[in-house]
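1 is the number of the first residue of the sequence shown in the UniProt record's numbering; add one for each residue after it. Think of the CB as a built atom: it goes at the ideal place given N, C-alpha and C, for glycine as much as any other residue. All values derive from a computational prediction rather than experimental measurement.
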Amino acid sequence: MSSLEASRDLVEQLVRSILTQQLGNGTAGNGQAGLAKPNVVANISARHCHLTQEDVNVLFGDGYQLTEMKRLYQATDFAANETVAVVGPRQRMIPGVRILGPCRQFSQVELSFTDSISLGIDIPVRLSGDVEGTPGCLLVGPKGSLVMPKGVIRAERHVHMGTNDAAYYGVKHLDRLNMRVDSPCPTTLEGLLVRVNPDWKLEVHIDTDEANCCDLVHATNVTLFRP
């Protein structure tokens, strides 16, 4: 082998080594080889509530069915035309809180930390559906009202993903990822809870306080990566 060929081989080995370190065995970030890089969609989860059909009946009338205003990014869910007022201690109220459908097996109100201060409710950060030991509130609809004994939470920042997305990032259900937001207020949000379902598209959900903190509306890029 000539010295020129040896030098070229050495350079190629060095280049491959650097690319492997920087691109994670041939793919961007810490993805897996052979899998296409997913498109990361980050959306702001504004205050909203999920209701059982029984609670819809109380608030809107017996047998009432929620009506669809628009489909959400996850096509299984929709924003309803219907809203309710959420009332906290000392009659503090937030009107026009959107209901998301379809109806669920539990009722839950998801607020931001700023909302909780406005209502005077000390709400914990929880995974959706984990409502044991959480505070309640009064819900008021056009046909009635009801007291929720529990179910008011600040939803934990999380990312929905399908099985191919999970394989790309090398994670499983209930693992954690971090998210870098490139914006006028560049920020890294840590500990996004991974939620995996074969029917889901890749989508990050953060609340309005978190979105304002990193100026998500004006972000030029968002990147998910393992801690």
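Among the options, the one whose alpha carbon lies nearest that of residue i
i    : options                : result
G136 : T114, S128, S107, F113 : S107
Y64  : L72, T52, Y73          : T52
L192 : P227, R104, K150       : P227
T114 : C214, K172, T220, D207 : D207
R195 : K150, E210, A155, G162 : G162
Q74  : R92, L100, N57         : L100
G88  : I44, K70, V147         : V147
H158 : P38, I44, L35, A36     : I44
Through-space distance from residue j to residue i, alpha-carbon basis
i    : j    : result
T188 : N81  : 34 Å
I94  : S128 : 21 Å
L177 : L138 : 35 Å
S116 : D122 : 6 Å
C185 : S112 : 20 Å
W200 : L59  : 30 Å
H48  : V84  : 9 Å
Three-state class that DSSP yields for residue i in the structure shown
i    : result
E156 : coil
R176 : strand
T208 : helix
Q105 : coil
C213 : helix
R90  : helix
I117 : helix
L59  : helix
A219 : coil
Integer Cβ distance of residue i from residue j, believed to fall under 8 Å
i    : j    : result
V204 : V40  : 7 Å
V181 : L216 : 6 Å
Bridge partner(s) assigned by DSSP for residue i
i    : result
N43  : H205
L224 : M179
L189 : M179
M69  : Paired residue(s): none; M69 is not in a bridge.
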